[in-house]
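Residue numbers (full-length UniProt numbering): 1 to 227.
Here's the structure we're looking at; comments come further down.
The structure is reproduced here in structure tokens:
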């Protein structure tokens, strides 16, 4: 198909687990296979990695900067969409072209939350990030168990959230002290910085982490994906 450029824009998240049931794995796999008609326009993937071995040999969580060595499973979830869909966030003409070119996408769109498309006097615009972020959050929520404390891989740190313990665990106070000493201005943007920048502000577009979304929390990412 024409729209084979998936990966132009994406949302991603992760969660560490100590165990996963066969039912959970099957449910997550089924969600990746959903909506086959829109593959190539809006795709999804889940990576399930088994941890252990040398990763665990460092000992306790505070033995290094990485606090999740004792976890057994890492689940990474991604949802990404084509350059055509991203262009439709700014171009009504592109949205209409996609709908006319891919009837299956038009059928899929009709059954979605109306918030996925917004209208103004210039025309209709697509917001694929809204659907992608919701899909991501729902998929990760299938893996959460009761009151289990959330843990996430540091590559998916979300600087817009005040939840750095998800990524840095018990190492957070020590890492923040190092951050204050070596990077007091938070040039290398991280939640380890004392006063993170308001990332979703249009005034600081270069400092937005485009690919990363919150876990288990509301998703105010629209501004971050504006071009």
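Built from N, CA and C at the ideal position, the CB exists for glycine as well.
This structure is a prediction, so every number in the text was calculated from the model and none was measured.
According to DSSP, is residue 119 part of a helix, a strand, or is it coil? Looking up residue 119 in the chain shown gives position 119. Collapsing the DSSP output to three states places residue 119 in a strand.
Tell me which residues share the same chain as residue 73 and place their Cβ nearer than 8 Å to its Cβ, disregarding the 5 neighbours each side in the sequence. Within the chain shown, the letter at position 73 stands for residue 73. Excluding residues within five positions, the ones whose Cβ falls inside 8 Å are 16, 17, 18, 19, 20, 48, 49, 50 and 51.
Would you call residue 175 buried or exposed, if buried means 16 or more other Cβ atoms sit within 10 Å of its Cβ? Along the chain shown, one-based indexing puts residue 175 at 175. Result: buried.
Any 3 or more C-beta pairs closer than 8 Å across the segment 89-104 and the segment 118-136: Three or more beta-carbon pairs separated by less than 8 Å link the segment 89-104 to the segment 118-136, which places the two stretches in contact.
Would you give the residue range spanned by the alpha helix (DSSP H) that residue 42 belongs to? Within the chain shown, numbered from 1, the residue matching residue 42 stands at position 42. Taken as a continuous stretch (DSSP letters only), residue 42 belongs to no alpha helix (DSSP H), being part of the beta strand (DSSP E) at 42-50.
Should residue 144 be labelled buried (16 or more other beta-carbon atoms within 10 Å of its own) or exposed? As a first step, residue 144 is located in the chain shown; it is residue number 144 there, counting from the start. The residue is exposed, with fewer than 16 neighbouring Cβ atoms inside 10 Å.
Measuring straight from C-alpha to C-alpha, what distance separates residue 171 and residue 69? For the purposes of this step, residue 171 is identified with residue 171 of the chain shown, where counting begins at 1. For the purposes of this step, residue 69 is identified with residue 69 of the chain shown, where counting begins at 1. Approximately 12 Å, taken between the alpha carbons.
Can you say whether residue 214 is buried or exposed, counting buried as having 16 or more other CB atoms within 10 angstroms of its CB? As a working mapping, residue 214 is identified with position 214 in the chain shown. Below a pLDDT of 50, predicted positions are generally treated as unreliable, and residue 214, at 33, falls in that range; the measurement from the model is reported next regardless. Counting Cβ neighbours within 10 Å, residue 214 comes out buried, since at least 16 surround it.
Going by the beta-carbon positions, is the gap between residue 44 and residue 135 smaller than 8 Å? On the chain shown, residue 44 is found 44 positions in, with the first residue counted as 1. On the chain shown, residue 135 is found 135 positions in, with the first residue counted as 1. Contact: yes.
Nearest candidate by alpha-carbon position, reference residue 84, set 128, 56, 46 and 29: Counting from 1 along the chain shown, the entry for residue 84 is found at position 84. It is 128.
For residue 14: DSSP bridge partner residues: Position 14 of the chain shown holds residue 14. In the DSSP output, where bridge partners are listed per residue, residue 14 has 76.
Let's test the definition: count the other Cβ atoms within 10 Å of the Cβ of residue 153 and tell me whether it reaches 16, buried, or not, exposed. Position 153 of the chain shown holds residue 153. Burial call: buried.
Does the separation of the CB atoms of residue 71 and residue 151 fall below 8 Å? As a first step, residue 71 is located in the chain shown; it is residue number 71 there, counting from the start. As a first step, residue 151 is located in the chain shown; it is residue number 151 there, counting from the start. Cβ atoms of residue 71 and residue 151: closer than 8 Å.
Spell out the partners DSSP gives residue 124 in its beta bridges. If you number the chain shown from 1, residue 124 lands on position 124. Residue 124 is bridged by DSSP to 119.
Do residue 13 and residue 77 have their C-beta atoms closer together than 8 Å? Start at 1 with the first residue of the chain shown, and residue 13 comes out as number 13. Start at 1 with the first residue of the chain shown, and residue 77 comes out as number 77. Note that the C-beta distance between residue 13 and residue 77 is below 8 Å.
Where does residue 93 sit, in a helix, a strand or coil, going by DSSP? Within the chain shown, numbered from 1, the residue matching residue 93 stands at position 93. Residue state, collapsed to three classes: helix.
Taking the Cβ atom as the reference point for each residue, do residue 101 and residue 28 lie within a distance shorter than 8 Å? Here the question's residue 101 lines up with position 101 in the chain shown. Here the question's residue 28 lines up with position 28 in the chain shown. No, the pair does not count as a contact, with Cβ atoms beyond the cut-off.
Please report the straight-line C-alpha distance between residue 173 and residue 25, rounded to a whole angstrom. Counting from one through the chain shown, the residue named residue 173 turns up at place 173. Counting from one through the chain shown, the residue named residue 25 turns up at place 25. Whole-angstrom Cα-Cα distance: 34 Å.
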